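What follows is a short report on a single structure.
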Amino acid sequence: MVFDTFMFKDKTIIVNPKNASWVVTDSEARNLILSKKLKDMPLDARKAVKKSGIFSEDEFFDAKHDLILGILAVTKGCNLQCKYCYADAGIEKGSMHLSAAKKCIDFLTDSKFKRVTILFHGGEPSLMGKDWFKEILLYIELKRKKHKKKKINVRMQTNATLIDEEFAKLLANFGVKVGISIDGPPKINDRTRPFVNGSGASKSVLCGLSNLQKSRIHPGSIMVVSRLNFDKMKDCLKFFTSKGIDSVKIIGVSCLGRSAKNKEYQITPMQYYRAIKDATDFCLKSEKKITLTPVSYLIYNLISKDRSYMCLRSPCGAANSALAFDCEGNVYPCDDLIGKQQYVLGNVFKNDIAEVLGSKMAREFRKRTVSKIEGCKKCTWRNFCGGGCAGRVLLTYNTLNHSSDICAYYKNMFPYLIRLLYEDKEKVFEKLIK
Ligand SMILES: C[S@@+](CC[C@H](N)C(=O)[O-])C[C@H]1O[C@@H](n2cnc3c(N)ncnc32)[C@H](O)[C@@H]1O
Ligand code: SF4
Ligand code: SF4
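Last residue of the sequence shown: number 433 in numbering that gives the first Met the number 0, and the count goes up by one each step with no gaps.
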C-alpha cells in the first residue's frame, strides 16, 4: 500500500490514491499510520482511520451512469462577439434545419439511455427564434409521451440578450432549464462579451434574465474566468447574488477559437486556482447560499465514490455520457470538438447511437483513463480529478495521452478543500453543497 502525504500547518493529509480515500492526522498518528502500526493508536483514532478507507485494498472504480447528454449546436451564428469564444461564433453563419434537429432528438431519445438531456447550444441558440423552438419543444413532448419511462430533460445555454417575455414564457411552459452566460458586473462583462458592433451587452443580458425570472425560470450562470476577472471573484459573485443568481459555473478560458488569437484574455492554471479559491472563500462567508460548479463536485469527489459530474470522471463524459451535434447532424465526442472534421463519429442521418458510440474514435476517448495516461498514472489526485477534459487535452496537445492542461489547479485545489473539510465540515456542507 503506497500513501502520499501533504502537510498543512502541523497536520498531514494522507492519501491512498488507488482507492480515492484520505485522512488528516497529527504527527504522532501520521507516523503510526505510515509505519502501519495501527494497533498502537487510541481506539477512536484507529476507528477513524479505518472508516476513512485508506487501508482498504479495494481499487477505485466508477459505477456506470445510464444517461446521455446531447449538445445541439443549433447555429453557428451569434449576435455577440465574445472576445474568447471557442466556437468563433458570429462570423460563420449556418443553422440547424428542423428536420436535422428532430433527427438528433430521435437519435438521443430512441436510444437505450433511460435519462436523456437535450442541451440547446451554439453559437447563440435563441437566434433560431420562438417558432423554431416551439416546434422542437412540441416534438420533444411527443417523445416524452412515446418513452414514458424515460426522463427527458431540456436545457438551453444562452447569452440571454434575445429572451423577451414571450420567449421566456415559451421556455417556462415546456419546462426548459436555462443557463445564461455572464462574466461579472457590466464593467467586466461589457469588455469580454460585447455585441458584434462592439457595444456592451450587459443591459440586454440583464433584461433577458429578468424576463426569465418573471416566468419563474431561475437561471444559473456560466462565468468564464479570464485575465479581466480572475482576481475579482468577490465583486462578480456579489453582483450575481444581487441579480438573483444563486448557481454559478466558473470555467477557465480555454485557448481555443477566438481566444487562441486574443491571448490577452488567457490565464494560467494558478490564476484559475486563485479564482476558484477566492470564490469558495466568498461563498463560505456569504449569507446567501451559492452553488459553485465545479467546487461542489470537487467536494463530492472527496467525500463520496460516486462521480456524478462527467467532467471529473475517468474516462470523462466525451463519447461516453455526452455527444455533440453540428447543424448538419454530424456527431462529435464533445462540444469543444464541433466543426473539427477529423473527430466526427458519425451522422444522425446515417448512423444510430450504437454505431456512433461503437466507432473507433469514440472507443479511443473511452480508453482515456487515468491508469493509462502517462502523466496521471502515478498522480495522487488521479481518482479524484479523472485526468481533466479530454477535448481540451486533445486540442491543446494533439493527443489524448496527456494530463490535463490545468493540473496545477487540481493539485492545489484538492489539498485546499481537504483542509476546509477538516477544519469545518458542517460549514462546507451548509454553504457549498446543495
Ligand atoms: C459557446 S457558448 C454557446 C451558448 C451561448 N451563446 C452562450 O454564450 O451562453 C457556451 C459557453 O461557452 C463559454 N465559452 C465560450 N468560449 C469559451 C472559452 N474559450 N473558454 C471557456 N468557455 C468559453 C461561453 O461563455 C458560454 O458560457
Ligand atoms: S460565447 Fe456564446 S454569446 Fe459569446 S460569441 Fe460565443 S456563442 Fe456568442
Ligand atoms: S490531470 Fe493532473 S491532477 Fe489530474 S490526475 Fe492527471 S496529473 Fe493528476
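All residues carry an ideal CB built from backbone N, CA and C; glycine is no exception. What you are looking at is a predicted structure, and each value in this text was computed from that prediction instead of being measured.
With a threshold of 8 Å on Cβ separation, who are the neighbours of K150 within its own chain once the five nearest residues in sequence on each side are excluded?
Locating residue 150 in the sequence shown gives position 151, counting from the first residue. K113, R114 and V115.
If L68 and A321 are in contact, beta carbons under 8 Å, what's the gap, nearest whole angstrom?
As a working note, residue 68 is residue 69 in the sequence shown. As a working note, residue 321 is residue 322 in the sequence shown. With a Cβ gap of about 4 Å, L68 and A321 count as contacting.
Three-way DSSP call (helix, strand, coil) for M6 in this model
Residue mapping note: residue 6 aligns to position 7 of the sequence shown, counting from 1. In the structure shown, M6 falls within a strand segment according to DSSP collapsed to helix, strand and coil.
Can you check DSSP and say which residues form a bridge with I179?
Along the sequence shown, one-based indexing puts residue 179 at 180. As DSSP reads the structure, I179 sits in a beta bridge with T157 and S220.
Output the distance between the C-alpha atoms of A62 and K366, rounded to the nearest integer angstrom.
One-based indexing of the sequence shown puts residue 62 at position 63. One-based indexing of the sequence shown puts residue 366 at position 367. Going by the C-alpha atoms only, they are around 16 Å apart.
Between the region 361 to 381 and the region 123 to 139, can you find at least three pairs of beta-carbon atoms closer than 8 Å?
Contact between the region 123 to 139 and the region 361 to 381 is absent: fewer than three C-beta pairs spanning the two stretches fall below 8 Å.
In chain order, each alpha helix (DSSP H) run of at least 4 residues that lies wholly inside the region 383 to 429
List check, alpha helix (DSSP H) in window: 389 to 396.
Distance CB(R289)-CB(L236) smaller than 8 Å:
Along the sequence shown, read from residue 1 onward, the residue named residue 289 stands at position 290. Along the sequence shown, read from residue 1 onward, the residue named residue 236 stands at position 237. In the sequence under discussion, the amino acid at residue 289 is Ile, which differs from the Arg named in the question. Yes. Within cutoff.
Given that a residue counts as buried once 16 or more other Cβ atoms are within 10 Å of its Cβ, and exposed if not, what is L393?
As a working mapping, residue 393 is identified with position 394 in the sequence shown. With a 10 Å radius around the Cβ and a threshold of 16 neighbouring Cβ atoms, L393 comes out buried.
Helix, strand or coil for F166? Go by DSSP, reduced to three states.
For the purposes of this step, residue 166 is identified with residue 167 of the sequence shown, where counting begins at 1. F166: helix per DSSP, three-state reduction.
Can you tell me the Cα-Cα spacing of A323 and N15, whole angstroms?
What you label residue 323 is simply residue 324 of the sequence shown in a count that begins at 1. What you label residue 15 is simply residue 16 of the sequence shown in a count that begins at 1. Rounded to the nearest angstrom, the two C-alpha atoms are 36 Å apart.
In whole angstroms, what separates the C-alpha of V294 from that of G338?
Here residue 294 refers to the residue found at position 295 of the sequence shown. Here residue 338 refers to the residue found at position 339 of the sequence shown. Cα atoms of V294 and G338: separation of roughly 30 Å, rounded to the nearest angstrom.
Name the residue from D351, K433, C326 and C384 whose alpha carbon lies nearest to the alpha carbon of G121.
The sequence position of residue 121 within the sequence shown is 122, counting from 1. Closest option to G121, Cα to Cα, is C326.
Just to confirm, is the Cβ distance from T24 to K8 under 8 Å?
Position 25 of the sequence shown, counting from 1, holds the residue named residue 24. Position 9 of the sequence shown, counting from 1, holds the residue named residue 8. In this structure, K8 does not lie closer than 8 Å to T24 by Cβ.
Segment limits, alpha helix (DSSP H) that includes N300
In the sequence shown, the residue the question calls residue 300 occupies position 301. Note, N300: alpha helix (DSSP H), V294 to I302.
Nearest to G128 (by Cα), restricted to the options L107, H96 and N152
Counting from 1 along the sequence shown, the entry for residue 128 is found at position 129. When only C-alpha atoms are compared, the closest one is H96.
Do you know whose CA, among K287, K82 and F173, lies nearest F194's CA?
Walking along the sequence shown from the start, residue 194 turns up at place 195. Of the candidates K287, K82 and F173, the one whose C-alpha sits nearest the C-alpha of F194 is K82.
At 4 residues or longer, what runs of the alpha helix (DSSP H) sit wholly inside the region 37 to 109?
The region 37 to 109 contains these whole alpha helix (DSSP H) runs: 42 to 51 and 97 to 108.
Continuous beta strand (DSSP E) stretch holding R215: start and end:
Walking along the sequence shown from the start, residue 215 turns up at place 216. R215 -> no beta strand (DSSP E), and no H or E assigned at all.
Proximal residues to L283 (C-beta, below 8 Å), its chain only, five neighbours per side dropped:
Position 284 of the sequence shown holds residue 283. Excluding positions up to five away in sequence, the list reads L419, K426, V427, K430 and L431.
Could you name the residues that DSSP lists as bridge partners for G345?
What you label residue 345 is simply residue 346 of the sequence shown in a count that begins at 1. Partner(s): V330.
Given F54 as reference, the closest of A28, S20, K38 and D65 once Cα atoms are compared:
Taking the sequence shown and counting its residues from 1, one reaches residue 54 at position 55. Nearest neighbour of F54 by Cα position, chosen from A28, S20, K38 and D65, turns out to be S20.
K410: CB within 7 Å of a non-hydrogen atom of ligand 3
Along the sequence shown, read from residue 1 onward, the residue named residue 410 stands at position 411. Yes.
Could you name the residues of the same chain whose beta carbon sits closer than 7 Å to that of P185, not counting the 5 residues immediately before and after it, in chain order?
Counting from 1 along the sequence shown, the entry for residue 185 is found at position 186. Excluding residues within five positions, the ones whose Cβ falls inside 7 Å are G199 and S201.
Reduced DSSP secondary structure (H/G/I, E/B, other) of L227:
Position 228 of the sequence shown, counted from the first residue, corresponds to residue 227. Three-state result, L227: coil.
A19, enclosing beta strand (DSSP E) - first and last residue:
Along the sequence shown, one-based indexing puts residue 19 at 20. Where A19 is concerned, there is no enclosing beta strand (DSSP E), given that its DSSP letter is neither H nor E.
Tell me the residue span of the beta strand (DSSP E) that contains G251.
Here residue 251 is taken as the residue at index 252 of the sequence shown, counted from 1. Where G251 is concerned, the enclosing beta strand (DSSP E) stretches over S246 to G251.
Whole-angstrom C-beta distance between G183 and M222, which should lie under 8 Å:
For the purposes of this step, residue 222 is taken as the residue at position 223 of the sequence shown. For the purposes of this step, residue 183 is taken as the residue at position 184 of the sequence shown. Between M222 and G183 a beta carbon distance of about 7 Å is seen, short of the 8 Å cut, so the two are scored as contacting.
Which whole-angstrom value is the C-beta distance of G328 and K102, which I expect to be below 8 Å?
Position 329 of the sequence shown, counted from the start, is the residue given in the question as residue 328. Position 103 of the sequence shown, counted from the start, is the residue given in the question as residue 102. Between K102 and G328 the Cβ distance is about 6 Å, and since that is below 8 Å, they are a contact.
Counted within 10 angstroms of its Cβ, other Cβ atoms place D335 as buried (16 or more) or exposed
As a working mapping, residue 335 is identified with position 336 in the sequence shown. Buried, since its Cβ has 16 or more Cβ neighbours within 10 Å.
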